[in-house]
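A quick write-up on the structure given underneath.
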Amino acid sequence: MTLPLENNINIAVKKIAAQRIRANKGKNAFIISAIVLTTVLFAAVFAVAGGFLDQWKQIQRQQYGAAHGGIKFLTQQQYEILAASDRKKEIFYTRVVGMAENEELAKLDTEVRYAQDGSAKSFLCYPSTGRMPEQENEIATSTLVLDALGVPCELGASVPLTISVDGEKYRKDFTLCGFWKGYERAGAQEAWVSEICADSIAPAAQQPLAESGRYGGIFCADIYFDSEWNVMEQMNALLEDAGKESGIYMLPISTNPSCGLGISPEQLDPAFFLAAAVLLAIIGFVGYLIIYNMFVISVTQDIQFFGLLRTIGASGKQIRGIVRRQAFRLAVLGMPPGLAAGYLVGRLFLPYVLTQIDIDQTGVYRINPLVLLGAVFFSLLTVWISSLKPCRYAAKISAMEAVRYVDGDSMAQRQGGRTGTKRKRRITPWTMAAGNLRRSRKQAVFVVLSIALGMILLNATYTAVSGFDMETYIEKYAVADFYITDYSVLSVGRVGQKNLEGISVRLLEEINEREGLENHINLYGKEIVHTMPDHIRERVGQMTGSDAPGIQGMRELMEQLEMYGYTGTIVYGMDAAALKYVTLEQGTVDEALWESGRGVIVDDFFYHGAAGVPGQSPLYRPGEEIQLTDTEGVERVCTVTAVGGLRYDAGTHYDLDLGLNIILPLKRYQEIFGETQPLCTMFDVEDAHREETEEWIERYCTQTEKNMSYISYRTYEKDFQKEKAAYSVIGGVLSGILALIGLLNFMNVTITSLLARQKEMAVLGAAGMEQRQIRRMLAFEGMAYIGLAALFSATAGTWICYFLCTKLAGNRWAFRYHFTLLPVLLCLPFLLGAAVAVPLMFYRRIRKKSIVERLRSH
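In terms of this note's numbering, the sequence shown is residues 315 to 1172.
Written as structure tokens, this is what we have:
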């Protein structure tokens, strides 16, 4: 607010700030470029973060649908109660008809239902081509179902379907009226039929499922609320409105985990926030290095101008306001192109980042532009922090100091820097170049660091990628050249419905007859409900009250075990040859007990730190006995000899309840559970026979036994190439951006230094210094910057490179660190060329002025 008779200085400050921007277009171009590159880095990080959240929500919605909540197994009357409530915004339903049981769909669970349009859209299974069924013989389904049936994706095509409805089978030829692209990792595929067809096969349920035992006709509601941020509270209100007498509260009720942020508090890892904070701090530091240095140069170049302002009465606060307004006006100019470029870089990075964090990818990558507001905030924050010290410096300068200022009076000198004692020495272009660097130590340090960061990251990227060895990777992660099991074992979302005895005698015989077979191992598995002895239940009860983070998510299961005394358990049977797939954590395998069939190995979630103390478990411990009941009800006693886990890729690919797994010798396993078919079979072949074996197994699993699935060395080769590409692209682009920042910083320092030293070089020329000597001095200066950056990269940068490679690549890969400076050496000629060319080219432009003109310039 401007008081009466008071001058409005804000208008003057704005005008002067705008005038200085117009007067220093070339110099400001460097600052804008620095802001652009810094904003690119911030925008790329926030774009990737936003893309990750969207991808995560997409995946969850493909598994759980788009509705905010759902209730299964409703009768028609119960659904009508929900539909009449004012608590919900919208409600739709599907009606269960049955399951498709065509032989061609053996590996593709396909539900047959009637669906309202809203539910079909909620399931993300609404026809993208055609429409929903209306007539009795019409059907709409996914392209995956059509492909499996061998039906062309054409409207009007005949779709033969066998439908099982509560044990009764119906065979019917439908006409395709609509289809959509299927999602391979969905829990089940959908086939929509008309309401007329549903009424004829599975009429609307009038009795609860618990009374009738029939699934046909059961309603499943998809519910939308006014907001997706407090879904649980809104669902509870809806249930309260329906009343307990309706019985709805006892049915399976779910809320969509994709609602709100899409990540539950339990999924928020503190380490993730720490890593994000460190990444933002690094980017902020890199941006600070260049923007601060450029503001320092800009302010020092305008010192005499600020001195004139002080002479006519401008206050330090007003000068500080001028500099700050310049900074933020330049930020406003630099951020839009930076945000656009960062968005594109983030879009490029996103698939590779998702590969690194093992998240499934839908192939549809969307980034909400609103996430870039975070980049705007951090970019402005970086500019503000970078301008603080230059603002203070400009505000404190006096008129007399500004008049006396010549290039080399740095802020460090103003704040108490000391000058060395004079001594006689030979003056050469090299010593003069070294002296120029010493005069501007801070500028030199920032330039060297900004150039070195790009070189270090490039070196780290090359070291990481060159350290990846595919054969070592396959050896580390692949249990064998070929792993075969029933398709349900590898299928997502089929816990409790997996066939753990799917390997046939015919398959085993054909494998044993394969040419080049090196070894062949079978693994057996079975789900059981295991009763715990009293002393274990007591130990679990003592641990239930713990506040350890891992206990929080397991407390309900622990309380159930304490109360009822049993838990879901997976029991494995294997011979001694398969022990190579077991990683022992405590104890050893007692060969005598193992051979006798009495020694066993156990594992559970507690041994992996769930109790807050890794290695301690309230369940079975080495030396304790386990009682297992055989098929005839006889108790068989075994002794725990070791704690160890079966490699994930070799087992069932899931755990039950508290993760208790018991590994038995095959002899004891067969005594208890009888002769069963293997869970999976694994074998290796000679390298010369890998390709033909791959072709054979692909034919076998698609033509002979269509319910079989396999993982081969080729699967791991594809994963290897994806991971390697991720490191190459992310590291390469970041290295390029940092290199641009470094070069931009160098160019800015060089050019502004030459502009400021026109008078100095004119005096040197007038005093008889040859142009050749001046050019050599400038070339030596540029080479000194690059040489110092290379020296830093080869010394301290080597340790930084080692840390980055071992922490980022070494933990995930069969990675071997090899020291190298090859990228630094390859970059050196190009950087040296730029270091020499930039000052010489600009000096050539300066030389066009006369000595008198240069003496008058500043």
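Glycine included, C-beta positions come from ideal geometry on N, C-alpha and C.
Pull up the distance between the alpha-carbon of residue i and that of residue j, whole angstroms please.
i: Asn-826; j: Arg-1004; result: 15 Å
i: Gly-688; j: Leu-695; result: 11 Å
i: Phe-663; j: Ser-1049; result: 13 Å
i: Tyr-419; j: Val-459; result: One detail in the question is off: residue 419 reads as Leu in this sequence, not Tyr. Using only the alpha carbons, I get a separation of about 7 Å.
i: Ser-724; j: Leu-1154; result: At Ser-724, the pLDDT of 42 sits below 50, so the modelled position is not reliable; the number obtained from the coordinates is stated separately. Those two C-alpha atoms are separated by around 24 Å.
i: Tyr-1014; j: Gly-464; result: 18 Å
i: Gly-412; j: Ala-502; result: 12 Å
i: Val-610; j: Lys-1032; result: 50 Å
i: Gly-1111; j: Met-846; result: 56 Å
i: Leu-647; j: Ala-641; result: 10 Å
i: Glu-448; j: Arg-869; result: 49 Å
i: Trp-1179; j: Leu-422; result: The shown model of the chain, from 315 to 1172, leaves out residue 1179, and the question about it has no answer.
i: Glu-1008; j: Ser-1026; result: 8 Å
i: Phe-344; j: Met-608; result: 8 Å
i: Tyr-563; j: Val-362; result: 40 Å
i: Val-1152; j: Arg-1158; result: 10 Å
i: Asn-309; j: Tyr-801; result: It is not possible to answer for residue 309, since the shown part of the chain is limited to 315 through 1172.
i: Trp-1113; j: Ile-699; result: 29 Å
i: Gly-879; j: Leu-942; result: 14 Å
i: Lys-981; j: Ala-462; result: 40 Å
So, helix, strand or coil for residue i, using DSSP?
i: Met-1155; result: helix
i: His-834; result: strand
i: Arg-409; result: strand
i: Ala-792; result: coil
i: Arg-1170; result: Interpretation of Arg-1170 is limited by its pLDDT of 49, a score under 50 that renders its predicted location unreliable; no figure is taken from the coordinates.
i: Thr-1134; result: coil
i: Arg-950; result: strand
i: Arg-728; result: With a pLDDT of only 41 at Arg-728, under 50, the local geometry of the prediction cannot be trusted, and the value read off the model is given with reservation. Three-state result, Arg-728: helix.
i: Gly-958; result: strand
i: Arg-401; result: coil
i: Val-761; result: helix
i: Ser-508; result: coil
i: His-382; result: coil
i: Ile-915; result: strand
i: Cys-573; result: coil
i: Asn-451; result: coil
i: Thr-625; result: helix
i: Met-1022; result: strand
i: Pro-650; result: helix
i: Cys-994; result: strand
i: Thr-352; result: helix
i: Ser-541; result: coil
Candidates the options: which alpha carbon is nearest residue i's?
i: Thr-408; options: Lys-402, Tyr-393, Pro-932, Lys-421; result: Tyr-393
i: Glu-504; options: Ile-453, Met-549, Asp-480, Ser-526; result: Ile-453
i: Gly-901; options: Met-868, Gly-601, Pro-936; result: Pro-936
i: Val-793; options: Gln-856, Ala-892, Met-546, Gly-768; result: Ala-892
i: Leu-523; options: Lys-495, Ala-512, Val-410; result: Val-410
i: Ile-537; options: Lys-386, Ser-508, Lys-703; result: Lys-386
i: Gly-830; options: Lys-631, Arg-661, Ala-1002; result: Ala-1002
i: Ser-541; options: Gly-364, Phe-1156, Thr-1134, Ala-381; result: Ala-381
i: Phe-760; options: Glu-905, Gly-656, Ser-802, Tyr-606; result: Tyr-606
i: Phe-987; options: Glu-1006, Gln-520, Glu-1008, Asp-944; result: Asp-944
i: Ala-516; options: Arg-851, Asp-616, Val-426, Arg-1158; result: Val-426
i: Gln-874; options: Leu-686, Asp-971, Glu-832, His-834; result: Asp-971
i: Ala-778; options: Gly-1046, Ser-572, Leu-1142; result: Gly-1046
i: Phe-493; options: Leu-980, Glu-905, Gly-444; result: Gly-444
How many whole angstroms separate the CB atoms of residue i and residue j, which I take to be in contact at a CB cut-off of 8 Å?
i: Ser-754; j: Ile-1055; result: Not a contact, Cβ separation roughly 19 Å.
i: Ala-854; j: Glu-876; result: In the sequence under discussion, the amino acid at residue 854 is Val, which differs from the Ala named in the question. Confirmed, about 5 Å.
i: Ile-1088; j: Leu-1146; result: That pair is no contact at about 19 Å.
i: Gly-660; j: Gly-365; result: 7 Å
Is the Cβ of residue i closer than 8 Å to any Cβ of chain B?
i: Ala-471; result: The structure shown has no chain B; it contains just one protein chain.
Does the ligand COA have even one heavy atom less than 7 Å from the beta-carbon of residue i?
i: Asp-423; result: Absence of the ligand COA is noted for the structure shown, with no ligands found whatsoever.
Inset, instruction - Could you say if the region 991–1000 and the region 914–923 meet the contact criterion of at least three C-beta pairs nearer than 8 Å? - result: With fewer than three CB-CB distances shorter than 8 Å, the region 991–1000 does not count as touching the region 914–923.
Legend entry - Validate contact between the region 363–378 and the region 544–559 using beta carbons, cut 8 Å, 3 pairs: Note that the region 363–378 does not touch the region 544–559; fewer than 3 beta-carbon pairs, one per stretch, sit closer than 8 Å.
Legend entry - Inter-stretch contact (C-beta, 8 Å, three-pair minimum) for the region 837–850 and the region 873–886: The region 837–850 vs the region 873–886: in contact.
Legend entry - At least 3 beta-carbon pairs within less than 8 Å: the region 347–355 vs the region 590–604: These segments touch.
Legend entry - Segment contact, 8 Å Cβ cut-off, at least three pairs: the region 1101–1118 with the region 766–775: Because the criterion of three Cβ pairs below 8 Å is met, the region 1101–1118 and the region 766–775 touch.
Legend entry - Touching by the beta-carbon criterion (3+ pairs, under 8 Å), the region 431–440 and the region 471–488: When Cβ pairs closer than 8 Å are counted between the two stretches, the region 431–440 is seen not to touch the region 471–488, the count staying below three.
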